[in-house]
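Asks: Can you read through this structure? Questions will come right after.
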Amino acid sequence: MIRHALRMLATIYCICSQPAYSSYESQAVAPPLSFSLFCIQYPEDCQHHDDRRIRDFRSSIQRWRELAQINSTVNFGIAPKNPLASRRDAEWQILPSEGNCGDYAVTKRHLLLRSGWPSSALRLAEVVIRTTGEHHLVLLVREGRAIFVLDNLRPVVTPLADALEGYIVLRAESGTDPELWTREIAAF
């Protein structure tokens with residue numbers, strides 16, 4: 655009887671100590687409505703783009719400069735929209751004269767795609783700003799083993815680990831299907 659109880663406890667322990675199943679499918683969520691509208695207006699920006707940098711190899715220093723230059727150019731090239739008007743604006747645009755965080759993020763993504771970056775290295779992400787609770791859109795960029803954040807609220811490209819001090823990530827592009835976003839960015 656005791657042996658049977660010990661076996662049962664051992665079995666329960668083994669089952670309960672296993673990590674929870676967390677596949678891509680279990681983390682899949684719908685994209686923001688603004689993203690779906692963006693993909694209708696700019697379908698080429700929502701398609702898969704191969705890495706054209708292989709043929710045009712640039713050093714990591716050059717790629718870093720390109721990230722910083724595009725981040726800075728877009729941050730200073732688009733005037734921030736009035737926060738009240740911005741909340742009512744669900745339509746993201748590339749290269750507007752004034753815009754909200756979505757406009758900044760998709761413009762940066764567009765320019766990096768045109769520079770040859772693969773779409774698999776560029777993911778839009780919806781975050782919540784910890785201090786205000788405000789929803790915000792940023793661009794996540796994978797370069798080698800590192801993930802960086804391009805954000806219109808920050809003047810410099812920021813490592814994801816540093817940016818997470820100020821954000822809670824709600825969802826990000828899955829990278830495989832524009833119709834699905836994911837809550838899991840660790841696999842990015």
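Its first residue numbered 655, the sequence shown is counted upward by one per residue in the working numbering.
Every residue, glycine too, gets a C-beta built ideally from N, C-alpha and C.
(1) Note down, in chain order, each residue of its chain lying with its Cβ closer than 8 Å to the Cβ of L691, except the 5 sequence neighbours on either side.
(2) Quick test of your reading: P832 and N729, contact by CB under 8 Å. State the CB separation rounded to the nearest angstrom.
(3) DSSP has T812 in a bridge; who is on the other side?
(4) Taking C-beta to C-beta, are E827 and R768 nearer than 8 Å?
(5) Could you tell me which of S726, L818, L765, L793 sits nearest to C755, measuring between CA atoms?
(6) Can you check which of these residues, F802, L824, L807, is closest to D816 by C-alpha distance?
(7) Let me check understanding here. Comparing Cα to Cα, which of I839, E838, L834 lies closest to C693?
(8) For S714, which residues from the same chain have a beta carbon less than 8 Å from its beta carbon, with the 5 sequence-adjacent residues on both sides left out?
(9) For L765, tell me which candidate among A722, E780, E752, E819 has the shortest Cα-Cα distance.
(10) Let me make sure I understand the geometry here. Which of K735, V795, V782 has the alpha-carbon closest to that of R763?
(11) Can you give me the Cβ contacts of V823 inside the same chain, cut-off strictly under 7 Å, excluding the 5 residues immediately before and after it?
(12) So, helix, strand or coil for H764, using DSSP?
(13) Counting C-beta neighbours from all protein chains within 10 Å, is the total for N736 16 or more, i.e. buried, or is it exposed?
(14) Count the other CB atoms within 10 Å of the CB of N704; is the residue buried (16 or more) or exposed (fewer)?
(15) Whose C-alpha, out of A800, N806, R825, is nearest the C-alpha of L814?
(16) Can you name, in chain order, every residue of its own chain whose Cβ lies under 7 Å from the Cβ of E720, other than the five neighbours on each side?
(17) D757 to Q695, Cα distance in whole Å?
Replies: Answer, in terms of the structure:
(1) A744, E745, W746
(2) 25 Å between Cβ atoms; not a contact.
(3) V803
(4) no
(5) L793
(6) F802
(7) L834
(8) E797, G798
(9) A722
(10) V795
(11) A779, V781, I839
(12) helix
(13) exposed
(14) In the sequence on display, residue 704 carries Asp and not Asn. Burial call: exposed.
(15) A800
(16) S769
(17) 13 Å
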